Amino acid sequence: MTQTTSEPAAVPRAADDDAAISVRGLQVRYGDFDAVRGIDLDVRRGEIFALLGTNGAGKTTTLEVLEGFGSRVGGTVSVLGIDPARDRAALRPRMGVQLQEGGFVDELTVQETLQLWQRLVERPDRPERLLERFELTGRRDVAVTRLSGGEKRRLDLAMAVWGSPELVILDEPTTGLDPESRRRTWDAIQELQEAGRTVVLTTHYLEEAEALADRVAIMHEGRIAVSGTLAAIVAAQPAGFSATVSDGAGALPAVSGAVEREGDHVRVRTEDLQGDLTAFLGWAADRGVRLSDLRAAPASLADIYHGVRTGSEQS
Amino acid sequence: MTTATASPASRVLALGAAEVRLLLRNRTAAISSLFLPIAFGGFFAFTFNQGAVGGPGIWATIAALQLVLTFTMGVYITITQTVVARRQTRVLKRMRTSSLSDAGVLVATTGPAVAIAVVHLALYAVINSLLGAPFPVDVVPLALAVVGGLAVCVTAGFVTTIVTPSPERAQITTLPLFFVMFAAAFVVPVVAVDSWWQALVLVPGAPIGLLTQLAFTGGTWAPGLLGLPAALPGVLSLVVWTAVFTLLAQRRFRWDPRH
Chain A
-3 MTQTTSEPAA VPRAADDDAA ISVRGLQVRY GDFDAVRGID LDVRRGEIFA LLGTNGAGKT
57 TTLEVLEGFG SRVGGTVSVL GIDPARDRAA LRPRMGVQLQ EGGFVDELTV QETLQLWQRL
117 VERPDRPERL LERFELTGRR DVAVTRLSGG EKRRLDLAMA VWGSPELVIL DEPTTGLDPE
177 SRRRTWDAIQ ELQEAGRTVV LTTHYLEEAE ALADRVAIMH EGRIAVSGTL AAIVAAQPAG
237 FSATVSDGAG ALPAVSGAVE REGDHVRVRT EDLQGDLTAF LGWAADRGVR LSDLRAAPAS
297 LADIYHGVRT GSEQS
Chain B
2 MTTATASPAS RVLALGAAEV RLLLRNRTAA ISSLFLPIAF GGFFAFTFNQ GAVGGPGIWA
62 TIAALQLVLT FTMGVYITIT QTVVARRQTR VLKRMRTSSL SDAGVLVATT GPAVAIAVVH
122 LALYAVINSL LGAPFPVDVV PLALAVVGGL AVCVTAGFVT TIVTPSPERA QITTLPLFFV
182 MFAAAFVVPV VAVDSWWQAL VLVPGAPIGL LTQLAFTGGT WAPGLLGLPA ALPGVLSLVV
242 WTAVFTLLAQ RRFRWDPRH
């Protein structure tokens, strides 16, 4: 797990061959508002990297810089070895982008949209393949304006993966989708990875990051609060156990973790799950205290996400 | 997979052709941008030519009005509306994720308006000839009026998008420059060549009128304001306004409605 600061790194680390994206000390400002406050980011080739965060956390702004659309006031950015602000033309043929919303000419049909895209994108591909892959064949002659939200997202994804680019950037690819459509979108994203492509996506959905991402970063208020592999992030966080104790239990045992008690419900967050749980069970056995709803679990991404948000609110 | 890859120019043409197809599909937009200017231009030619004053002078006024009408309505306002609409729906942003260059996206988005304007000019030439208009005595100032007028109106269109948050608002934000250009182009040709009122030629769009007048009446390089060749202030005005609008557009143009 890495904790970043608002200060940009003094000496940018050279991008190695394994890095699809390397960002050091990125800062973006809109007028007086600091949208991104000095973040570091590394995405390896062939991995799926998820950028999590609430609305306004700076995710889309960060993506726009990677895509070469946003301008930065500080930091260095390397995408496939190219600075997108300096040479977007070299990056364009190697990168596919899904916008967060819109971007369609509403009057065009699905088929016309893909046919136009075929003429506009250097990477070769066929509209029929994408129509079939994203289950839009039956809607090919329908104007984009008449598509459902889910169908539009699928068409959007089809355009992003057109010609199977080296790097695919997806901005909230499943927002507004029903569970089945979301599952199918996940399959398509995983197919990209199996084909050796690198995928960077933003999402509000923790389960999406858990299902897809090799590594994640959680952004909050323009900074990266936590980043790394899911396993490493979770392992570095305190695990917890909880139980409802029977009446008259009296004082709880001394444990190394943090204890929260609301009425008869007890919750302990600890870095020594085994030791504290043993002490707790021993205490209950000695006193004849009945424990109902006893549960023990490692920290979840939801706990960490919640912790990032509440930690910031309290500071 | 297909193997053919298009050239940059064919990509621009593909998007431009899509824009034209969309225009033709929308009956209201097609009528207002294709036929209204022709109707107005024909109306000018018919009515102004019926007056007591005839000859090259009146045809200079008619041609100037036709030019400025097409450039302001067909090019300036259309470009502002089109670019703002495409920005609002994030089509501009989407197109930037294709293999088109930024310049290619803008040329393809605005090219059809310019092409339609050129077709209008050709139709005006036919209408005017049929109604007895003389051939211009000097085509150079007329060519300068066309090229310079287009340059000013295209760049002005991009600048106006900076202060236009939505396509609907374009109907308001384009009005000041529309009236200024239209009125100036109309007034300057009727002011004496050596009058100080000729300073109005510095107003954007005014040289369209002046240069068209010189094309029909001659005296392009005769002494005018401050003893300068008559066409020179107009040409300078077109060049300077195009440069100013280009600079403003380069600095402040927005591709995305968010920021």
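From first to last, the protein sequence lines stand for chains A and B. Using the working numbering, the final residue of the first sequence is 311, and nothing's skipped along the way. Using the working numbering, the final residue of the second sequence is 260, and nothing's skipped along the way. Note that CB positions come from ideal geometry on N, CA and C, so glycine has one too. Model, not experiment: these values are computed from the prediction.
DSSP on residue i, reduced to helix/strand/coil?
i        : result
Ser8/B   : coil
Gly192/A : coil
Glu206/A : helix
Val115/B : helix
Tyr301/A : helix
His216/A : strand
Phe136/B : coil
Phe29/A  : strand
Ala193/B : coil
His261/A : strand
Glu63/A  : helix
Thr79/B  : helix
Asp183/A : helix
Gly17/B  : helix
Val7/A   : A caution first: Val7/A carries a pLDDT of 35, below 50, which makes its placement in the model unreliable, though a value can still be read off. Val7/A falls in the coil class under three-state DSSP.
Phe276/A : helix
Arg129/A : helix
Any beta carbon from chain A within less than 9 Å of residue i's own beta carbon?
i        : result
Ala7/B   : yes
Val164/B : no
Arg253/B : no
Trp197/B : no
Leu248/B : no
Val21/B  : no
Arg28/B  : no
Thr90/B  : yes
Ser34/B  : no
Ser167/B : no
Tyr77/B  : no
Ala15/B  : yes
Arg170/B : no
Asp139/B : no
Thinking just about the alpha-carbon of each residue, which of the options is nearest to the one in residue i?
i        : options                                : result
Thr141/A : Val196/A, Ala221/A, Glu103/A, Ala46/A  : Glu103/A
Glu190/A : Gln23/A, Phe29/A, Ile44/A, Ala15/A     : Ile44/A
Val76/B  : Val245/B, Leu93/B, Thr175/B            : Thr175/B
Gly108/A : Met91/A, Arg84/A, Asp137/A             : Residue identity differs from the one stated: residue 108/A is Glu in this sequence, not Gly. The residue with the shortest Cα to Cα distance from Glu108/A is Asp137/A.
Leu143/B : Val92/B, Ala61/B, Pro166/B, Leu35/B    : Ala61/B
Leu248/B : Gly206/B, Ala152/B, Val127/B           : Ala152/B
Val117/A : Gln270/A, Ala156/A, Ala205/A, Pro169/A : Ala156/A
Thr241/B : Ala185/B, Val181/B, Ile80/B, Thr156/B  : Thr is not the amino acid found at residue 241/B; the sequence shown has Val there. Closest option to Val241/B, Cα to Cα, is Thr156/B.
Leu76/A  : Gln96/A, Val164/A, Leu173/A            : Val164/A
Ala213/A : Thr50/A, Thr105/A, Glu162/A            : Thr50/A
What's the gap between the Cα of residue i and the Cα of residue j?
i        : j        : result
Val61/A  : Thr243/B : 31 Å
Arg257/A : Tyr201/A : 30 Å
Leu229/B : Val236/B : 12 Å
Asp210/A : Thr58/A  : 19 Å
Ala162/B : Ile78/B  : Sequence check: residue 162/B is Thr here, not Ala. So the alpha carbons of these two residues sit roughly 10 Å apart.
Arg90/A  : Leu127/A : 22 Å
Ser196/B : Arg12/B  : 50 Å
Glu203/A : Ala184/A : 16 Å
Can you confirm whether residue i, when its beta carbon is compared against all beta carbons of chain B, has any partner nearer than 9 Å?
i        : result
Phe130/A : no
Phe65/A  : yes
Met215/A : no
Asp79/A  : no
Asp313/A : Within the shown structure, residues of chain A are numbered from -3 to 311, placing residue 313/A beyond reach of any answer.
Ala86/A  : no
Trp113/A : yes
Arg149/A : no
Val315/A : Residue 315/A falls outside the range modelled here, since chain A spans only -3 to 311, and no answer is possible.
Val117/A : yes
Gly246/A : no
Glu190/A : no
Ala156/A : yes
Please compile the residues from chain C whose C-beta is within a distance smaller than 9 Å of the C-beta of residue i.
i       : result
Pro89/A : Of the chains in the structure shown, none is chain C; the protein chains are A and B.
### Query
Between the region 262 to 276 of chain A and the region 236 to 252 of chain A, do three or more beta carbon pairs fall short of 8 Å?
yes
### Query
Touching or not, the region 70 to 89 of chain B and the region 98 to 118 of chain B, by the rule of three or more beta carbon pairs under 8 Å?
yes
### Query
Is it true that the region 51 to 71 of chain A meets the region 125 to 136 of chain A, where meeting means three or more beta-carbon pairs spaced less than 8 Å apart?
no
#### Entry: Segment contact flag, the region 12 to 26 of chain A with the region 37 to 52 of chain A, C-beta cutoff 8 Å, min 3 pairs
yes
### Query
Is it true that the region 21 to 39 of chain A meets the region 170 to 183 of chain A, where meeting means three or more beta-carbon pairs spaced less than 8 Å apart?
no
### Task
Would you be able to state if there are at least three C-beta pairs under 8 Å between the region 179 to 186 of chain B and the region 87 to 107 of chain B?
no
### Message
Is it the case that the region 292 to 303 of chain A contacts the region 225 to 235 of chain A, given that we only count it when at least three CB pairs across the two stretches are under 8 Å?
### Response
yes
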